[in-house]
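Asks: Following this message is one structure expressed as structure tokens.
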Amino acid sequence: VRKFVLDYYFEEKQNLRFDVYNVDSKTSNLPKSGFLGQAYIALGEVIGSQRGRLERPLTGVPGKKCGTIVLFAEELSNCRDIITMQLCANKLDKKDFFGKSDPFLVFYRSNEDGTFTICHKTEVVKNNLNPVWQPFSIPVRALCNGDYDRTVKIDVFDWDRDGSHDFIGEFATSYRELSRAQNQFTVYEVSNPRKKCKKKKYVNSGTVTLGLNCWGNGVVGFWRLTKCLFTGIPSQPTSLHYMSPYQLSSYAMALKAVGEIIQDYDSDKLFPAYGFGAKVPPDGKVSHQFPLNHNPDNPSCEGIEGVLESYFHSLRTVQLYGPTNFAPVINQVARLAAQETDGSQYYVLLIITDGVISDMLQTKEAIVSASSLPMSIIIVGVGPADFLAMEELDGDEVRVSSRGRYAERDIVQVTLFQRAWMDQRCCWSLIFKSVS
1 VRKFVLDYYF EEKQNLRFDV YNVDSKTSNL PKSGFLGQAY IALGEVIGSQ RGRLERPLTG
61 VPGKKCGTIV LFAEELSNCR DIITMQLCAN KLDKKDFFGK SDPFLVFYRS NEDGTFTICH
121 KTEVVKNNLN PVWQPFSIPV RALCNGDYDR TVKIDVFDWD RDGSHDFIGE FATSYRELSR
181 AQNQFTVYEV SNPRKKCKKK KYVNSGTVTL GLNCWGNGVV GFWRLTKCLF TGIPSQPTSL
241 HYMSPYQLSS YAMALKAVGE IIQDYDSDKL FPAYGFGAKV PPDGKVSHQF PLNHNPDNPS
301 CEGIEGVLES YFHSLRTVQL YGPTNFAPVI NQVARLAAQE TDGSQYYVLL IITDGVISDM
361 LQTKEAIVSA SSLPMSIIIV GVGPADFLAM EELDGDEVRV SSRGRYAERD IVQVTLFQRA
421 WMDQRCCWSL IFKSVS
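The sequence shown stops at residue 436 when you use UniProt numbering, and every number in between is there.
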């Protein structure tokens with residue numbers, strides 16, 4: 001058994017290669033004759049495995065069974081007394097007259113005499129009310145002097161060039177409370193005491209979320225993300241679905257870009273995948289919720305490659321047809337999410353579309369109904385169409401409402417494929433914002 005300490009970045013795919021040798025003496029030269037096998041594994045696969053245990057066969061020696069390699073991942077929060085965390089914020093107050101805020105965080109440790117001392121500052125995220133800060137590490141001694149229950153105060157500021165940074169709000173926590181976030185998202189309300197005194201209906205000045213992070217120099221548990229991938233099929237055939245011999249289509253690239261990152265965090269690698277907006281055999285009826293593998297009893301595909309294979313097959317067997325309705329697929333995932341009562345699973349619904357939404361009212365109602373469930377929705381637009389109408393579904397500025405009822409939280413993020421999915425960090429910032 002050999003232990004390795006690795007830096008873990010949730011939003012990146014970190015590929016590892018393990019070579020196993022038989023060595024008879026202490027030497028830096030590994031004998032080719034002693035090669036026993038190798039395995040290629042992503043760090044996220046180890047973390048996402050059941051109880052942090054992953055077993056994989058060794059390969060590399062033709063015609064021979066090379067045995068297996070067993071990997072364990074465990075939290076090292078107390079190792080070297082260093083904590084590593086990542087935070088994001090949602091709907092912070094706007095402080096700049098000609099733009100949004102430029103937020104950053106300031107961490108204060110409490111002293112024995114009741115005063116506070118600055119122990120860390122994050123970087124500034126420019127012109128963003130929903131910032132995602134870079135992961136950072138800080139010694140536990142610097143944060144709380146080893147006292148796990150000592151108050152840690154965090155202020156949120158809007159950066160100004162002249163140094164007169166505007167105060168947005170504050171919240172308090174402790175190292176012990178921070179450490180509990182390793183198995184779930186922890187959301188803190190940012191409060192501005194002055195605004196709270198002046199305004200009776202004041203709620204908060206935004207929220208800061210801690211979660212999906214790494215602790216110490218190790219790894220942590222997290223909510224299992226159950227992905228349901230819905231490839232929005234347009235009303236008429238377009239080049240966006242065309243598969244050239246040299247390049248994937250826009251739909252396929254979007255599926256591949258997000259899928260290869262997310263799939264490492266799913267233990268069974270089975271993805272329910274559906275299409276909408278097509279006449280489906282054998283009766284040719286229009287469907288807005290049909291399994292891409294044409295198996296209604298088991299719509300799951302094996303890995304992202306399985307999703308792509310089913311997508312390509314569907315393009316050859318269905319007739320593309322309008323309109324573009326989102327409500328059926330949202331309600332389908334909502335029914336699954338409503339069955340989760342123990343908080344062990346969180347559903348991320350990815351909708352890829354190139355069309356203008358046809359059932360806006362029904363979709364808003366579906367979103368409002370689903371806003372209390374453990375699920376989020378990411379809508380990715382591909383192609384040159386105008387997606388401004390879909391901004392109504394993104395509750396960053398105005399909470400989605402239907403029939404006088406408002407969504408309990410913002411669960412929808414809308415983006416364009418060209419703008420987001422080529423950047424892995426941006427991919428995960430979307431998920432961060434949608435679950436906060």
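Don't be surprised by glycine CBs; every beta carbon is placed ideally from N, CA and C.
Determine the burial state of G37: buried for a count of at least 16 other Cβ atoms within 10 Å of its Cβ, exposed for fewer.
Replies: With 16 or more other Cβ atoms within 10 Å, it is buried.
Asks: Count the other C-beta atoms from every protein chain shown that fall within 10 angstroms of the C-beta of A172, then say buried if there are 16 or more, exposed otherwise.
Replies: So A172 ends up on the exposed side.
Asks: Give me the Cα-Cα distance between V307 and D354, rounded to the nearest whole angstrom.
Replies: Whole-angstrom Cα-Cα distance: 19 Å.
Asks: Which residues share a DSSP beta bridge with F290?
Replies: According to DSSP, which records beta bridges pairwise, F290 is partnered with G275.
Asks: DSSP state of T317, grouped into three classes?
Replies: The answer is helix: DSSP assigns T317 an H, G or I state.
Asks: Of all the options S300, C88, T122, K285, which has the alpha carbon lying nearest to the alpha carbon of G206?
Replies: Nearest C-alpha to G206: C88.
Asks: Examine the Cβ distances between the segment 300 to 318 and the segment 338 to 354 and report whether three or more of them are shorter than 8 Å.
Replies: As far as the Cβ criterion goes, the segment 300 to 318 does not touch the segment 338 to 354, which means the pair count is below three.
Asks: With 16 as the cutoff for other CB atoms within 10 Å, does E123 come out buried or exposed?
Replies: Its Cβ having fewer than 16 others within 10 Å, E123 is exposed.
Asks: Pick from A389, F387, A370, G383: whose alpha carbon is nearest that of D410?
Replies: Among A389, F387, A370, G383, the Cα nearest to that of D410 belongs to A370.
Asks: Alpha carbon to alpha carbon, how far is D19 from L393? Give it in angstroms, no decimals.
Replies: The alpha-carbon atoms of L393 and D19 are separated by roughly 49 Å.
Asks: Is the CB of Q289 under 8 Å away from at least one CB in chain D?
Replies: The structure shown contains no chain D; it is built from a single protein chain.
Asks: With DSSP as the reference, identify every bridge partner of T209, one or two as the case may be.
Replies: T209 is bridged to C88, V187.
Asks: K94 to L336, Cα distance in whole Å?
Replies: About 37 Å.
Asks: Measure the alpha-carbon distance for L270 versus S344 and round it to whole angstroms.
Replies: Rounded to the nearest angstrom, the two C-alpha atoms are 17 Å apart.
Asks: Going residue by residue through the segment 366 to 391, where are the continuous beta strand (DSSP E) segments of at least 3 residues, counting only ones entirely within it?
Replies: Those beta strand (DSSP E) runs which fall completely within the segment 366 to 391 and span 3+ residues are 375 to 381.
Asks: Take the Cβ of Q413 as the centre, count every other Cβ of all protein chains shown within 10 Å, and call the residue buried at 16 or more, exposed below.
Replies: With 16 or more Cβ atoms within 10 Å of its Cβ, Q413 is classed as buried.
Asks: Can you grab the Cα-Cα spacing for the pair Q289 / G60, in whole Å?
Replies: The alpha-carbon atoms of Q289 and G60 are separated by roughly 43 Å.
Asks: Is the distance from the Cβ of S250 to the Cβ of A273 below 8 Å?
Replies: Contact: no.
Asks: Over what stretch of residues does the alpha helix (DSSP H) that includes E12 continue unbroken?
Replies: Neither: E12 is in no alpha helix (DSSP H) and is coded neither H nor E.
Asks: Report all residues from its chain with a CB closer than 8 Å to the CB of A407; omit the five preceding and five following residues, and keep chain order.
Replies: Hits under 8 Å: I367, V368, S371, G395, R399, V400, S401.
Asks: What is the DSSP secondary structure of I261, counted as helix, strand or coil?
Replies: Reduced to three states, the DSSP call for I261 is helix.
Asks: Look up K153 in the DSSP assignment and give the residues it is bridged to.
Replies: Answer by DSSP bridge pairing, in chain order: Y108, A172.
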